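> Residue numbers (our numbering): 2 to 196. Note that beta-carbon positions come from the ideal geometry of N, C-alpha and C, so glycine has one too. Keep in mind that this is a model prediction, so the values were computed, not measured. Quick one: structure below, then a few questions.
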Amino acid sequence: MLYTIARWTLFPLLRLVFVRTVTGVENLPSTGPYIIASNHASYGDAPLLVAALDPHAKGKIHFVAWKALAKVWLLRWMIPAFGGVFENGSIDKLLDLLLHGHVVGIYPEGGRTHNGKIQKITHSGTGVLAADSGAPVIPVKTIGLYELWPYNKLLPRISKSIEFRIGKPLHYKGRTRKKDHVQFGNKVMKEIDAL
Numbered sequence: 002m003l004y005t006i007a008r009w010t011l012f013p014l015l016r017l018v019f020v021r022t023v024t025g026v027e028n029l030p031s032t033g034p035y036i037i038a039s040n041h042a043s044y045g046d047a048p049l050l051v052a053a054l055d056p057h058a059k060g061k062i063h064f065v066a067w068k069a070l071a072k073v074w075l076l077r078w079m080i081p082a083f084g085g086v087f088e089n090g091s092i093d094k095l096l097d098l099l100l101h102g103h104v105v106g107i108y109p110e111g112g113r114t115h116n117g118k119i120q121k122i123t124h125s126g127t128g129v130l131a132a133d134s135g136a137p138v139i140p141v142k143t144i145g146l147y148e149l150w151p152y153n154k155l156l157p158r159i160s161k162s163i164e165f166r167i168g169k170p171l172h173y174k175g176r177t178r179k180k181d182h183v184q185f186g187n188k189v190m191k192e193i194d195a196l
């Protein structure tokens, strides 16, 4: 219910205040399941990305949230109410969402960037999700958010300067070994960087 309310109130406000452009919306599939993979620029990534893509995404976007946020009373109930899923070292919940036709959002890098640059990944989650679900991965590059809300700042600056670029779907092909999953994750990050 909160997601529906936010869709008509909070999301348009976030788009109005922060989002300059969203390009490549034609690359989003018309239905789920699919995986949105983006670079992790700041604390505000997930809410702003969901707000920017919501008019085009054809359904609720379930983003992964850092498990430590569950210790904050307000966020403990708010993140799940908005469709978020606290990461717990397992991708079972995300895989279940994908297998039931939902849209899942992830940050393959894991943590936020400390310098604004895209990081190489060393874990296999992106590849495992794509391989086990058969869902395409949609690369999305967030531009300008790190400058508004860098790693060492508590609050963001207000500026309508964030750009989201949506790339063409990527499909997992190949073996299902950990190193293949990691390679696929890094391929996704290269695609994001090139957008």
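Roughly how many angstroms lie between the CA atoms of ILE144 and ILE37, to the nearest whole one?
Between ILE144 and ILE37, the C-alpha separation is close to 16 Å.
> For PHE64, which beta-bridge partners are listed by DSSP?
Answer by DSSP bridge pairing, in chain order: GLY106.
> Among ALA47, VAL129 and GLY60, which one has its Cα closest to the Cα of GLU67?
For the sequence presented, residue 67 should be read as Trp rather than Glu. Ranking the options by Cα distance to TRP67, first place goes to ALA47.
> Along the alpha helix (DSSP H) that carries VAL183, what are the first and last residues, could you check?
179-195 is the span of the alpha helix (DSSP H), which, as asked, contains VAL183.
> From the DSSP output, in three-state form, read off LYS72 for me.
Three-state result, LYS72: helix.
> In or out: ILE193 buried (at least 16 other Cβ within 10 Å) or exposed?
buried
> So the candidates are LEU130, ILE92 and VAL65; which of them puts its Cα closest to the Cα of PRO81?
VAL65
> Between the Cα of ILE167 and the Cα atoms of GLU27, ALA69 and PHE12, which residue gives the shortest distance?
Considering only alpha carbons, the answer is GLU27.
> By a C-beta neighbour count over all protein chains shown, 10 Å radius and 16 as the cutoff for buried, is THR177 buried or exposed?
exposed
> For THR127, count neighbouring C-beta atoms within 10 Å of its own C-beta (all shown protein chains included) and say buried if the count is 16 or more, exposed if not.
buried
> Can you tell me whether SER39 is helix, strand or coil according to DSSP?
strand
> Which residues mark the beginning and the end of the beta strand (DSSP E) in which PRO140 is found?
138-144
> Is the Cβ-Cβ distance between TYR108 and HIS172 less than 7 Å?
No, these two residues do not count as a Cβ contact at 7 Å.
> Do LEU156 and ASP133 have their CB atoms nearer than 7 Å?
No, the pair does not count as a contact, with Cβ atoms beyond the cut-off.
> Considering ILE6, what are the terminal residues of the alpha helix (DSSP H) in which it resides?
Boundaries of the alpha helix (DSSP H) around ILE6: 3-9.
> Look up LEU171 in the DSSP assignment and say whether it is helix, strand or coil.
strand
> Which first and last residues belong to the beta strand (DSSP E) in which THR127 is found?
Here THR127 belongs to no beta strand (DSSP E); instead the alpha helix (DSSP H) covers 126-134.
> Please state whether the Cβ-Cβ distance between ARG158 and LEU149 is less than 7 Å.
A contact, by the Cβ cut-off of 7 Å.
> Here's a check: name, in chain order, each residue in its chain whose Cβ is nearer than 7 Å to the Cβ of VAL189, leaving out the five neighbours to either side.
ALA38, PRO109, THR127, VAL138, PRO140 and LEU171
> Just checking my contact of GLY45 with HIS63 at CB under 8 Å: how many whole Å lie between their CB atoms?
The Cβ separation is near 18 Å, so there is no contact.
> Using alpha carbons as the reference points, say which of GLN184, PHE12, GLN120 and LYS180 lies closest to GLY111.
GLN120
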